[in-house]
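Notes for the one structure printed next.
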Amino acid sequence: MSTHHISVTINGTVYEDDVDSRLLLVHWLRDSLHLVGTHIGCDTTSCGACTILVNGKAAKSCTMLAVQANGCQLSTVEGLEQNGQLHPMQEGFHQEHALQCGYCTPGMMMAGIALLQSNPHPTEEQIRIGISGNLCRCTGYVNIVKAIQYAAEKMQASEQVPLATAGAKEVGDDD
Amino acid sequence: MIPDAFDYAEAHSIVEAVELLGHYRDDAKILAGGHSLIPLLRFRLAAPTVLIDISKVDELEYMHEADGALHIGAMTRESALDTSSLILERYPILHDTAMSIADPTVRNWATIGGNLAHADPANDHPATMLALNASIVITGPAGQRVIPVTEFFTDIAFETALQPDELLTEIRIPMPGERAGSAYVKLKRKIGDYAIIGVAACVELDTNGVVTQAGIALTNAAPYSIKARDAEQFLVGKSLDDATLHQVADLAAADAHPLSDGRGPAEYKQAMVRTLCVRALRLALARANGRDL
Amino acid sequence: MTTDAHPHRLGEAYKRKEDARFIRGQGNYVDDVQLPHMLYGDIVRSPYAHALITNIDISEAMKVPGVVAVVTGKDLEAAGLAWMPTLSADMEAVLAVDRVHFQMQEVAFVVATSRYAAADGVASVQVDYEPLPVVIDPQKALDPDAPLLRPDKAEKQPTNQIYHWETGDRAGTEAVFTDAEANGVVIKQDMFIPRIHPAPIETCGCVADYHAATGKLTVWLTSQAPHAHRTLFALVAGLPEHRIRIISPDVGGGFGNKVPIYPGYVCAVVASLKTGKPVKWIEDRSENLGSTGFARDYHIHAELAADKDGNVQGLRVHTLADHGAFDAAAQPTKFPAGLFHICTGSYDFKHAFVDVDAVHTNKAPGGIAYRCSFRVTEASYLIERMMDTLAHDIGKDPADLRLQNFIKPEAFPYRSALDWTYDSGNYEGALKLAMKNVDYAGLRREQAEKRARGELMGIGISSFTEIVGAGPGKHFDIAGIQMFDSCEIRVHPTGKVLARIGVQTQGQGHETTFSQIIAAELGLSPDDVDVEHGDTDTAPYGLGTYASRSTAVGGAATAIAARKVRDKAKKIAAYLLEASEDDLEWEPGRFYVKGAPTRGKTMQELAFAAYTNCPPFLEPGLEAVNYYDPPDLTYPFGSYICVVDIDRGTGEVHIRRFMAVDDCGTVINPMIVEGQVHGGLTQGLAPALYEELSYDEEGNIQGGNFQDYLIPTAVETPGWEIDRTVTPSPHHPIGAKGVGESPTVGAPQAIVNAVVDALAHVGVRHIDMPITPWKVWKILDEKGLTAD
């Protein structure tokens, strides 16, 4: 099996590593980099718990190989809060009680952020379609929709919140 | 859940991709969007020796009209079809089809070329292309060849006219006429699911509202996508009034031979071919007349 | 999260304390646990539903780089661990020795240095099987010539029937039916409630870490009941209980799926004992759906007797319960069919009789789960369907029929014909509120108009009664352990509180709601009260969270422990203020002298005094613990009204509107209650229209992954409308009843009733769940009602 050297920017920090071809991106994030905020909930690309942003686009990290992320910019839930300031989506989820067990939440928030990037004023129907790739068993989605609406309003009121940039890391640096 | 071992190679041009295919042939699988392939690998239902990643082949991602046709590069993502105003205005059937696939996140990565080349009988684009009378551009070591989509698929699932050293590089769709309308209607158990039945319909009308061209094709009405030729031929030269609509739908249903499975009994699917054919044609007609339903 | 000074009451929509870590991706779920030298386990599973194992060859697997060990049933047999007891007094295979009983059954456990090596190891284990005839139909399992599926217990149980259970007054009920057949109305209906699965988004798993030097076994476990699991591990594995520590960290949803002990846990523990290293086992989704605790699978025959005016007289129910290969149902041991005999529901039946025959088939074992309150989903479904069927048969409006037959508010505490004593209820109040909110009369008018035009619209009602809060120790135990629960409160010198509870959240928000209970009792801010749970080394013994028992039992223990703290604080206050306790008044956060309100001591001052100036007649410190044995169960209730429109072309059911009025007694946090209702309704919608786990004739599971097991997305889920009435429980310290499962219990039948109501005018009486478009279409086709 072949090994490849990859260089991936995650939440502004560059990670360098040697990975097997078959290593799934979600396993690299969780097991190698200890970025355990991104979760695994299924094996058929259905549940979206593993959703992150790759080059600004929502991606299900269980259906990508780590090698495919070489040279890419990734955003995960760990990068949402900056300098002690929560991202409007995080705020919205908290204010609107849009999480219960919290397991689908990181993926759901990333999907919500991706939606608002391409559609800053979505209707309720567009929100529901926008998160149709993310399953939740706890909340019944009502408050998740409200949270995304909250974030949309907040993000329109202030400037678009950029996701983190800058920094470098070799895997194994601070294990 | 976890794939078997495989090698990985990256192509940066069509030429390089074709070379790699020529080298590995049946031992290789093309990695485009990966959202059909990687799930298969995770369940160890496919065991290629090497994946050839073509996502960095920029020359495969484009969409433009030229020479009387819409040219779509194979690596064009479904999300690009979702958001393109060109597609929405002139090829609404493609918008419908793309929007019906999986979910918005998957659509950021899934490609139209992959959807066709994978030839899963449950995929949606095959029927749409059959209805559009599209052509498929294939690039191999000897260069390009262009074949009608009717010759691209066989009646065997997951099988296409692609040779082991060939790559699907472009889809060509004839430009619509003055008064053209199209629609893809997909019945499913829940959003994101494969079709219980899908019907693709395209019509072109003359100034009197008489159909001059018709394309009708079915998803999941058989173990392969079906071009409902009898229905198409019946429709040409007629107006799309209610009686004709129902006769056309009956003819399309006559071509269907769905199987009973978790998406419903065969009898139901058969009836749905009829129902969806009516709905797809009504929507196509409305669009041809400059309205939406 | 801010700290504020003013005291808080119950009923505040306090924002959740646990959110802080979850929104940052800093939850600590079992798969997040990473320990040095950790190994990974993965399971070899049977592709056959019923087969003999003739050989297991692990030699190729042992050659896979990274594979450290392969454990088989024979290895476990040597340690007496190949079988383990279930929560229903059956035995369940941990790893199959010579026979497999269901597709996906565990056959071998591969241990390796990485997930990927473990998976490769699994793919390399070679197992030879000799297929045996498969039994999927529970009715066929009872045939005299059916193959015996459990030869391991042939002596005790010579057939596939596990038990027969009955309750009620058989003779009295028969008499009532005889009379009704002559002079009244008898309704009969068969109903099948298919197998479904709780499918929390986090699957089950564990990290087992045994330290040979100390003899201590720590297991991070997806557990809804960590203490019970600890005791069971001690009993089953013969390990000393004080050296077992179960940590249920953050749990990504439970819904009953994380109550049983699964073979993967036992194998991981064995592997850790054997290797002396931590062993992680996390199942994937297909394993979760295909092998862990399913729910429902009840074949019900129900009969209802009423007089000509529709006053209910008697209920008679026979059920065939399919438990799969092993009876691994999780319920109190004295109730093999759970609390199914709540099936007289909200109605005043004078006579009832219920019997249940349980049977084995070649399917995954179980099955009480999926937010069901121990079979209350099944019970409530059947009675609400029968009431609607009665209404349609005698031409009465389903709301009127219910109002006519409700147990009246004056009748509480109400003893049902099947021996439950309902604590309190106001069924009429809930239904009338729901009716008002939807303009029920207006909906019926609209329905009539639409019907005249050939449009199919339906209105469905569900006026359910729940039974939760198990339960009084005399009658309720899990594997013998009485179902009390507990709370331990420690007040620090500076007036901050650390509390530990015996229940175990999987998203219900206990860190917030239980801090609210304590804060209300002691006049503090919830932010001054932190609540911990899930670590059996520190939390007081509890029976965990399922069947909506946390607030009912754990919440009671918490309130009482808080009152003990307050009582001691009062003694300290009396001492410091040089007054007698009788002369002291309490306002939230403070004791003061009657008539001299400026002479008082705050809780903070009293806490400080407990450590610095403690009365000589008291022990220093300020803490209390309560183990609460509830005097009774609690009975939340509600009325739901669902409006549907049916697509005559495709048979698709569109839910236009769903109004849910719930009564859970005292509301601790309305925001959290609403969230629970939203989620529970969605898990009621799911089985009504979408979810089903079935098996084909050969025992191959259908719907065993998230592509085919149809969990509703935000698109399928309506915008739920919520309202409430409040009827406190008279026996609960804060009057609370619990609410987590009410919506899952009450919702499916509201939807089914609505669909049947849409078609009742053409003679449709019942449609089994899930109501798929093709089931509806077939009816439309038969009745000539299809359209484009």
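Residue numbers (this note's numbering), protein chains in the order written: chain Z, 1401 to 1575; chain A, 3 to 295; chain W, 20 to 807. No residue lacks a Cβ here, since even glycine has one placed at the ideal position from N, Cα and C.
Identify every residue that forms a DSSP beta bridge with residue i.
i: K620(W); result: F610(W)
i: A127(W); result: V63(W), T91(W)
i: Q208(W); result: A321(W)
i: I1410(Z); result: T1413(Z), L1474(Z)
i: K1460(Z); result: T1451(Z)
i: W102(W); result: A112(W)
i: I508(W); result: A518(W), A643(W)
i: V153(W); result: Looking at the DSSP assignment, V153(W) forms no beta bridge with any residue, so it has no partner.
Quick check: what's the CA-CA separation for residue i versus residue j?
i: S1446(Z); j: L1499(Z); result: 19 Å
i: A296(A); j: N117(A); result: Residue numbering for chain A in the displayed model covers 3 to 295; residue 296(A) lies beyond these limits and cannot be assessed.
i: D1575(Z); j: Q53(W); result: For D1575(Z), the pLDDT reaches just 39, beneath the cut-off of 50, and the residue's location in the model is therefore unreliable, although a value from the coordinates is still provided. C-alpha separation (whole angstroms): 11 Å.
i: A588(W); j: I508(W); result: 13 Å
i: D787(W); j: A410(W); result: 18 Å
i: R35(W); j: D228(W); result: 32 Å
i: F8(A); j: L53(A); result: 7 Å
i: G46(W); j: A144(A); result: 56 Å
i: S242(W); j: A1469(Z); result: 35 Å
i: C286(W); j: D1417(Z); result: 33 Å
i: E185(W); j: S310(W); result: 29 Å
i: E260(W); j: T233(W); result: 13 Å
i: H56(W); j: C223(W); result: 22 Å
i: Q501(W); j: S569(W); result: 15 Å
i: Y48(W); j: N772(W); result: 39 Å
i: G668(W); j: D195(A); result: 20 Å
i: S57(A); j: W111(A); result: 9 Å
i: S78(W); j: V144(W); result: 8 Å
From which residue to which residue does the beta strand (DSSP E) around residue i run?
i: Y10(A); result: 9-12
i: M1508(Z); result: Not the beta strand (DSSP E): M1508(Z) falls in the alpha helix (DSSP H), residues 1505-1518.
i: D664(W); result: 656-665
i: M476(W); result: 475-484
i: Q180(W); result: 180-187
i: Q243(W); result: Careful: Q243(W) lies outside any beta strand (DSSP E) and carries neither H nor E.
i: Y26(A); result: It is not in any beta strand (DSSP E) - Y26(A) instead sits in the alpha helix (DSSP H) that spans 16-26.
What residues in its chain sit with their C-beta under 6 Å from that of residue i, if we drop five residues either side in the sequence?
i: P737(W); result: I674, F677
i: A1566(Z); result: At A1566(Z) the pLDDT is 41, less than 50, meaning the model places this residue with poor confidence and gives no usable figure here.
i: P282(W); result: V113, E125
Just to confirm my understanding: we take residue i, look at its own chain, exclude 5 residues before and 5 after, and list those with CB closer than 7 Å. What are they?
i: A197(A); result: A124, D126, K188, L189, K190, T221, N222
i: N424(W); result: N330, V331, Y366, D367
i: V339(W); result: Here residue 339(W) is Leu; the residue named in the question, Val, does not match the sequence. Counting only Cβ-Cβ distances below 7 Å, and skipping sequence neighbours, we find P157, Q158, H318, D376, V378.
i: S305(W); result: G723, N724
i: H66(A); result: H73
State the start and end residues of the unbroken alpha helix (DSSP H) segment that holds residue i.
i: V771(W); result: 761-778
i: W793(W); result: 792-801
i: Q122(W); result: No alpha helix (DSSP H) contains Q122(W), which DSSP labels as neither H nor E.
i: D84(A); result: 80-85
i: M406(W); result: 395-413
Measuring only from the beta carbon, is residue i closer than 6 Å to any heavy atom that is part of the ligand FMN?
i: D252(A); result: The ligand FMN is absent from the structure shown, which contains no ligand whatsoever.
Whether or not the region 63-78 of chain W and the region 117-130 of chain W are in contact is what I'm after, with contact meaning three or more pairs of Cβ atoms, one per stretch, closer than 8 Å; do they touch? Enough Cβ pairs lie closer than 8 Å, so yes.
When the Cβ atoms of the region 1474-1491 of chain Z are set against those of the region 1509-1525 of chain Z, are three or more pairs found closer than 8 Å? Yes, the region 1474-1491 of chain Z touches the region 1509-1525 of chain Z.
Notebook entry, point to check: Within the chosen definition, does the region 148-168 of chain A reach the region 701-709 of chain W through at least 3 CB pairs nearer than 8 Å?
Noted result: No, the region 148-168 of chain A is not in contact with the region 701-709 of chain W.
* Asked: Taking one C-beta from the region 88-95 of chain W and one from the region 300-315 of chain W each time, how about it: are there three or more such pairs within less than 8 Å?
  -> The region 300-315 of chain W and the region 88-95 of chain W do not touch, with fewer than three beta-carbon pairs separated by less than 8 Å.
Do three or more CB pairs link the region 752-760 of chain W to the region 480-487 of chain W at distances below 8 Å?
As far as the Cβ criterion goes, the region 752-760 of chain W touches the region 480-487 of chain W, which means the pair count is three or higher.
Next item on the list: Count the C-beta pairs between the region 681-688 of chain W and the region 739-749 of chain W that are closer than 8 Å, then say yes if the count reaches three, no if not.
Entry: With contact defined as three or more Cβ pairs closer than 8 Å, the region 681-688 of chain W and the region 739-749 of chain W are in contact.
Would you call the region 430-448 of chain W and the region 643-657 of chain W touching, i.e. three or more CB-CB distances under 8 Å?
Yes, they touch.
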